[in-house]
Amino acid sequence: METISRVIVSLVYYNSLVRDTLEYTLNKPDGFDTKYYDYKRNGIVNEIKLNTPLKVFLDQNGEKGEDLRKRLEAFGNEFYSDASTVIVRKNEELRIDHAQNVKIFQNVIPLHEELNSIIQLHVNHARTNNILEEKVANLVAADERFYRAVAFLTLNGEIDRQFEEFNKVMRESKGEATPQSNFIQNDLNELVKCIATVRQHATCKDELYTNALDAIFASIEMMNGKRDLPKGKTFADVFNDCNQKIAAFVQDAEKAWRDTYTPCLNELIEDTRSRQENQAEKPEVKPE
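At position 109 of the sequence shown the residue is numbered 117 (my numbering), and the sequence of numbers has no breaks.
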């Protein structure tokens, strides 16, 4: 595997761990896999400490690298440490404080976009120098689509849930704004900002992506009164249609991502193991 390919795959691996933190915004009746949490925690915390391509990149980029390192450390402390109040590991159970879901989005999305821009810098450099391997280019493209799909799924689900809660509070107050309704409204505004960021940085243009994107923003405009509901339709109908389009995008994007990610990651692991073994076998040269 080319050196620059190793760096790109390593960065995609780390960014996938950041992305998958979004799963903790979902309501899963059966709970969350503690082994996968441990896997993410190990990667998030240690990739910036060990001699990985990501750490080398951070070390080589002065103040900007140090600033990003601090943000990655803060991210790990916020969501993957014993001090976290958002994701708490108790024995073989994860307890998620869903009241802090917005905090997850506010941290994951900008951080993922920044790491994604670093990946693109490496891809552009490799392409310019004619050393971009096709499998790596395919991985980056698939990773882009799958991230947008996961972001759409989780953000839209949270928007729907908060909008339903907002309407319930407003009904109970007979249409009068209350501190609780104002709090929910602020959360909704933050969620819409997050989903606008996801749209702003996207490079995919395929039909499944645009169908989901258009449905999400149409439903948002209906929620804030900028667009009428379709004749004969309720919000439940609109949300159901939107969710179906997101699900179709997620299903397609996830398959493409797994088909490209797994072999590239396995090759990176094997390549790293071989390099470590070769270094261990080299005889120590002592001065006479």
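For glycine and all other residues, C-beta sits at the position ideal for the given N, C-alpha and C. In this text, all values refer to a predicted model and were calculated from it rather than measured experimentally.
Residue 117 holds the alpha-carbon nearest to the alpha-carbon of residue 201 among 117, 170, 216. In the three-state DSSP reduction, residue 101 falls in the strand class (E or B). Taking C-alpha positions only, residue 134 is separated from residue 226 by approximately 39 Å.
Using a Cβ-Cβ distance cut-off of 8 Å, the segment 26–44 and the segment 154–161 are in contact, since at least three pairs of beta carbons, one from each stretch, lie closer than that value. For residue 110, the closest alpha carbon among the candidates 41, 189, 91, 199 is that of 199. Partner residues in the beta bridge of residue 96, as assigned by DSSP, are 103. The criterion of a C-beta distance shorter than 7 Å is satisfied by residue 268 and residue 150.
Under the three-state reduction of DSSP output, residue 212 falls in the coil class, being neither helix nor strand. Residue 73: member of the alpha helix (DSSP H) spanning 70–87, first to last residue. For residue 43, the number of other beta carbons within 10 angstroms of its own is below 16, and it is reported as exposed. Comparing alpha-carbon positions, the option among 89, 34, 35 lying closest to residue 51 turns out to be 89. Runs of the alpha helix (DSSP H) lying entirely within the segment 125–191, each at least 4 residues long, are 142–180 in chain order. Remark: C-beta atoms of residue 33 and residue 122 do not approach each other more closely than 7 Å. Ranked by how close their Cα comes to the Cα of residue 195, the residues 17, 276, 230, 107 have 107 in first place.
Counting of Cβ neighbours within 10 angstroms places residue 55 among the buried residues, the total reaching 16 or more. The beta carbon of residue 174 is closer than 8 Å to those of 189, 192, 193, 196 in its chain, skipping five residues each way along the sequence. In the DSSP assignment, residue 56 falls outside any alpha helix (DSSP H), carrying neither H nor E.
Contact check for residue 92 and residue 86: beta-carbon distance about 6 Å, within the 8 Å limit, so the pair qualifies. Sequence-distant Cβ neighbours of residue 168 in its own chain, meaning closer than 6 Å and more than five residues away, are 247.
Look at residue 40 here: in three-state DSSP terms it is coil, with no helix or strand label. In this structure, residue 264 and residue 216 do not form a Cβ contact; the two beta carbons are roughly 11 Å apart against a cut-off of 8 Å. Residue 33: not part of any alpha helix (DSSP H); DSSP gives it neither H nor E. If the five residues before and after residue 179 are omitted, its C-beta is found closer than 7 Å to no C-beta atom of its own chain. Judged by DSSP in its simplified three-state form, residue 49 adopts helix. Note that the C-beta distance between residue 237 and residue 17 is not below 7 Å.
Shown here, residue 249 sits in a helix according to DSSP, grouped into three states. Residue 60 and residue 21 have their C-alpha atoms some 11 Å from each other. If you draw a 10 Å sphere on the C-beta of residue 148, you find 16 or more other C-beta atoms in it, and that means buried. Annotation for residue 62: 18, 19, 22, 55, 56 place their beta carbon closer than 7 Å to its own, counting only its chain and skipping 5 residues before and after.
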